[in-house]
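Working notes, structure below.
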Amino acid sequence: MELEKREKRGNLYFALILILFLFYYTYRYILQYNDASSSAFVYDYTPEWIKWPKYILYMIILALMAWNERGIHLEKQYRPVKIPVLILILQCGICGVLIRDQQILTFTLMLIPVLLYPGIGGTPREETVEKILNVFWIYTTVYEIIQVVLFYTTGRVPALAFPHFGTITAIRYGGALDDPNGYAMILVFYVFYFLTQKGSVRSYVCLVITLAMLVFTWSGTGYLVLLATAIVFLLLRIRDREVLKKYGIVALAVLIIAIPVALIAGKQVWNFIVSFIGDKSYSTNLHMKSWDVSGIQLSTWLGVHPARDTFREVGFLRLVEIGGVWALLLFLFASIAGIIKGNKELSDRLEASRPLYYGSLAYLIGFLFSMLNLPHLTNFSVMGPFSVFLILSISQAKKKES
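Count along the sequence shown from 1, add 868, and you get the number used in my numbering.
Structure, rendered in structure tokens:
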């Protein structure tokens, strides 16, 4: 009886952090708080009284999780993920406290649920997680439609929108997160979630809408992450007939659409692609400069002198600046171990719940690719879901239906 109550509480707390990660930034577009340098300087910096409550709420939920779990559980099957995460939390947490760096502490806090879940009462219920993710998809889709309508009727812009550039790609939509690059990562999950569902009309309609929203982020990194994830995902699931079937359907659909478009408007499409790449050249140069490691001291590489209050676009190098090369290796080891276990467990999942785990696996893969070009480690609504999907991937599979 007590175990059943603990499981219910654990499921509730897990649901609450997922809701917090996905829905908290709803205020951004409504109040136009994000970054004063974005959206042609229409937005303002987020005030502290809006910024800090998410951490307070998160810490309260973490405390409830820890109380419910009665400690950290390092069962054998979870150790390849949990032990590197534990070392990473201790190392980066101590550094973050000593030098009072908010970014380092944010990254550390986002990893703590991985230590607590799965646990005695902390095995998340698939049905609850799917309900939250489905509600968020509907919510963010409606949210984005409103953004598009308001832009074309009143001129109200989302974050990272520069209408004075005069191109459609200068208006970037980030859904309920109001963050195009971060939103693109969430959409990668939904692409594989809907793609791997049973071939109903609803799932294909949702897939098309999701891809359309991904296009309108105008995130070059998001596009490349989706492509790279699709390739790795296919290699991992090459023996999965259902996945191969879905890939074949998508490939056929792309050909059916692409051939007429190429024949009718091939030149215009090519000119648009060239223009889009040209628009991204300045941003690309800035991101490439972040690969310059000449400014990283040897002591920083060794993890004894973390770089404080720095901004670097490359997530992997930002992790080196936070905790040295050891932090990078620990994070990669835990992530890859989670991907391997998640892929191994997939065949034993209940058929109805597999799309959730396909999507989780895709998110983890995509996150690692995104770290080559984006600093998602300290992004509350990107790093948070990473931990959630890592927990889901390593959770023990239920027995198949008989």
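Virtual Cβ for every residue (Gly too), placed ideally from N, Cα, C.
Using beta-carbon positions only, say whether residue i and residue j come within less than 8 Å of one another.
i     : j     : result
Q959  : G1191 : yes
K1212 : I1262 : no
Y1231 : F1257 : yes
E1012 : M1081 : yes
V1017 : V910  : no
G1163 : W1194 : no
F891  : P992  : no
L1095 : V1059 : no
Y901  : D912  : yes
G1090 : A1052 : yes
F1184 : T1097 : no
A1280 : V949  : This structure does not reach residue 1280, given that the chain is present from 869 up to 1270, and the question cannot be answered.
G1234 : V1056 : yes
L1245 : L1187 : yes
L984  : I940  : yes
L884  : I929  : yes
A1202 : V953  : yes
P1174 : I1006 : no
Q1264 : Q945  : yes
L956  : G964  : no
Y923  : Q1015 : no
I1207 : L1229 : yes
A1027 : D903  : yes
Could you tell me which residues DSSP pairs with residue i in its beta bridges?
i     : result
D1047 : None, per the DSSP bridge assignment.
Y913  : N902
A1096 : Paired residue(s): none; A1096 is not in a bridge.
A1038 : According to DSSP, A1038 bridges with nothing at all.
A1029 : I1039
Please look up how many angstroms separate the CB atoms of residue i and residue j, rounded, as I've assumed it's under 8 Å.
i     : j     : result
I1054 : L886  : Not a contact, Cβ separation roughly 12 Å.
E1189 : L1242 : With 8 Å as the limit, E1189 and L1242 do not qualify as a contact, their Cβ atoms being about 15 Å apart.
I1039 : F1019 : 6 Å
P986  : I1259 : 7 Å
Y1061 : L1224 : 7 Å
S1255 : L979  : 6 Å
K1114 : T1078 : No, K1114 and T1078 are not in contact; Cβ-Cβ is about 14 Å, not under 8 Å.
E994  : S1221 : 4 Å
F1084 : Y1041 : 5 Å
N936  : G1023 : That pair is no contact at about 49 Å.
G1043 : T1008 : 4 Å
Could you spell out the range, first to last residue, of the alpha helix (DSSP H) harbouring residue i?
i     : result
W1169 : L1166 to W1169
G1252 : F1248 to I1262
Q1065 : Counting along the chain, Q1065 falls outside any alpha helix (DSSP H), and DSSP gives it neither H nor E.
K876  : E870 to F891
I1106 : Note, I1106: premise wrong, no alpha helix (DSSP H); not H, not E.
E937  : P921 to E937
E1189 : G1183 to L1214
M1081 : V1069 to V1083
I982  : It is Val, not Ile, that sits at residue 982 in the sequence shown. Per DSSP, V982 belongs to the alpha helix (DSSP H) from Q970 to L984.
P1223 : R1222 to S1238
E943  : No alpha helix (DSSP H) holds E943; DSSP gives it neither H nor E.
N1002 : E994 to T1022
**Item:** Touching by the beta-carbon criterion (3+ pairs, under 8 Å), the region 1042-1051 and the region 1246-1260
**Value:** yes
**Asked** When the Cβ atoms of the region 1071-1078 are set against those of the region 1104-1115, are three or more pairs found closer than 8 Å?
**Response** no
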